[in-house]
Amino acid sequence: MTVAFNDPSAWGYCQFCAFIVGVDLETRQMLAHERMISGFNKNRCYGSLMPPAVQPGPEAEPVTYEEVIADAIRGDE
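To get the working numbering, take the position in the sequence shown, counting from 1, and add 195.
See the structure below:
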């Protein structure tokens, strides 16, 4: 399946790295991607292969995996 670069359905917001990344059109999961740590170390992002999140705003900040787990334990959305 091919899709145009400017097709909005092919992109989604990753809350862990605060970037728009590619999305698999069949599974609706974000493609595997890397995030920068300390400006030069690259690690696979926690958001890889997860559904995209809702972008909170144009000046979004990345969240940590620990923050997401803590919010889930507290019952926050």
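Glycine included, C-beta positions come from ideal geometry on N, C-alpha and C.
| request: Measure from the alpha carbon of residue 258 to the alpha carbon of each residue in 202, 209, 205, 200, then state which is nearest. | output: 209
| request: Mind reading off the beta-carbon distance from residue 207 to residue 247? Whole number of angstroms is fine, and I expect it under 8 angstroms. | output: 2 angstroms
| message | Distance check for residue 228 and residue 237, CA to CA, integer angstroms please. | response | 10 angstroms
| message | For residue 217, list the residues DSSP reports as bridge partners. | response | 206
| said: In the DSSP assignment, the beta strand (DSSP E) including residue 229 goes from what residue to what residue? | reply: Following the DSSP letters along the chain, one finds residue 229 inside the beta strand (DSSP E) bounded by residues 229–232.
| task | Going by CA-CA distance only, name the one from 269, 202, 213 that's closest to residue 219. | result | 202
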